[in-house]
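Visitor: Numbering (the numbering used here), first residue to last: 2 to 287. Here a beta-carbon is modelled for each residue, glycine too, at the ideal position from N, C-alpha and C. A single structure is presented below for examination.
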């Protein structure tokens, strides 16, 4: 602890002398006073930032410029023995990443007339890989939007009650490849898939996966960097579970460049099992 020396009007901490500041001057040597203040007064407006709040809480509250957060989660209802597929709402299939091409409209296909009137919000990336979303109201079996998407990262419904039937988001017009499904009763897609928006770097903080009783499966987080044609493995895990889960926190967050596709997949060694997967990404402006 520093001690104050009354004779020299200084603090001494045993290694150096710490002087009291009696006045402050600007670069011209003028003493700064209440009638001659710094050019900009320091002020806190709105919510206070950095006042002993956890960093990630401030990120999710939107208090730190250039930082955002995304929690991605998915589930495959029932994957067959020997099948390899992405962890999303459709069994035994790899996600059709290239179905939207360099940009395409989407069609909303509803499979239960009770869902007429629901609003489907489709979120993804436009032809420049910037975030975009579109709201499409269900008025019939098929409803085509107008926004161009090059990726669909999430979709959900709003309105009175949840969706009574499956709601498929298809590439292009009616009958196109399904690029997202809102399973009946869920109200939102379950897709362990994501593409990093343009102008941002994603940092993977945490990943988890679960399997239904006696699941035996190999899991892989696959990544495809922008400008390349093939996916490569970025992280591997095993599911041999009886009510447990795979859970991994990266001691050093894994950086993922802009426009990179992330696809969590599994290969089943046992039959007809449900698998879930999730991962957390911190997004930082480049």
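Roughly how many whole angstroms lie between the Cα atoms of residue 75 and residue 53?
Guide: Near 34 Å, if we compare the C-alpha coordinates of residue 53 and residue 75.
Visitor: Between which two residues does the beta strand (DSSP E) harbouring residue 232 extend?
Guide: From DSSP, residue 232 is part of no beta strand (DSSP E); its letter is neither H nor E.
Visitor: Within 10 angstroms of the Cβ of residue 56, are there 16 or more other Cβ atoms? Answer buried if so, exposed if not.
Guide: Exposed, by the Cβ-count rule.
Visitor: What did DSSP end up calling residue 114 once you bin it into helix, strand or coil?
Guide: If DSSP states are grouped into helix, strand and coil, residue 114 belongs with the helices.
Visitor: With a threshold of 7 Å on Cβ separation, who are the neighbours of residue 149 within its own chain once the five nearest residues in sequence on each side are excluded?
Guide: Correct list, in chain order: 104, 105, 106, 127, 128.
Visitor: Can you tell me where the beta strand (DSSP E) holding residue 251 begins and where it ends?
Guide: Counting along the chain, the beta strand (DSSP E) containing residue 251 begins and ends at 246-257.
Visitor: What would DSSP say about residue 284, mapped onto helix, strand or coil?
Guide: In this structure, residue 284 counts as strand in the three-state DSSP scheme.
Visitor: Give the range of the alpha helix (DSSP H) segment to which residue 57 is assigned.
Guide: 56-61 is the extent of the alpha helix (DSSP H) around residue 57.
Visitor: Let me make sure I understand the geometry here. Which of 209, 169, 143 has the alpha-carbon closest to that of residue 155?
Guide: Checking every option, the nearest Cα to that of residue 155 belongs to 169.
Visitor: With the cut-off set at 8 Å, would you say residue 209 and residue 246 are in Cβ contact?
Guide: Result yes, Cβ atoms of residue 209 and residue 246 sit closer than 8 Å.
Visitor: Taking only three categories from DSSP, how would you classify residue 269?
Guide: In this structure, residue 269 counts as strand in the three-state DSSP scheme.
Visitor: Just mark residue 272 as buried or exposed, buried being the case when its beta carbon has 16 or more other beta carbons within 10 Å.
Guide: Label assigned to residue 272: exposed.
Visitor: Run the CB neighbour count on residue 70, radius 10 Å, all protein chains shown included, and call it buried at 16 or more, exposed below.
Guide: By the neighbour-count rule (16 or more Cβ atoms within 10 Å), residue 70 is not buried but exposed.
Visitor: For residue 282 and residue 116, what's the separation of their Cα atoms in angstroms?
Guide: Taking the straight line joining both Cα atoms gives about 33 Å.
Visitor: Give the secondary structure of residue 43 by DSSP, where H, G and I count as helix, E and B as strand, and everything else as coil.
Guide: For residue 43, the predicted model reports a pLDDT of 44, less than 50, meaning its position is unreliable; a value from the coordinates is still stated below. If DSSP states are grouped into helix, strand and coil, residue 43 belongs with coil.
Visitor: Could you check how far apart the C-beta atoms of residue 261 and residue 227 are, in whole angstroms? I think they sit under 8 Å.
Guide: Yes, they are in contact, since the Cβ atoms of residue 261 and residue 227 sit about 6 Å apart, within 8 Å.
Visitor: Do the CB positions of residue 134 and residue 108 come within less than 8 Å of each other?
Guide: No, they are not a contact pair.
Visitor: Would you mind reading off the limits of the beta strand (DSSP E) that contains residue 183?
Guide: Residue 183 -> beta strand (DSSP E) spans 179-183.
Visitor: Could I get the ranges of all uninterrupted beta strand (DSSP E) runs contained in the stretch 94-151, with 3 residues as the minimum, in chain order?
Guide: Qualifying beta strand (DSSP E) stretches, in chain order: 107-111, 120-126, 132-138, 143-145.
Visitor: Drop a sphere of 10 angstroms on the beta-carbon of residue 180, count the other beta-carbons inside from all chains shown, and report buried for 16 or more, exposed for fewer.
Guide: Answer is buried; the Cβ neighbour count reaches 16.
Visitor: Among all the DSSP beta bridges, which residues are the ones paired with residue 260?
Guide: Partner(s): none; residue 260 has no beta bridge.
Visitor: Can you tell me which of the three DSSP states residue 167 falls into?
Guide: Residue state, collapsed to three classes: coil.
Visitor: Between the alpha carbons of residue 200 and residue 67, how many angstroms are there, rounded?
Guide: Their Cα atoms are separated by approximately 10 Å.
Visitor: Using only alpha-carbon positions, find the residue among 264, 80, 72 that is nearest to residue 216.
Guide: That would be 80, whose Cα lies nearest to the Cα of residue 216.
Visitor: In the DSSP assignment, what residue or residues form a beta bridge with residue 225?
Guide: Its beta-bridge partners are 262.
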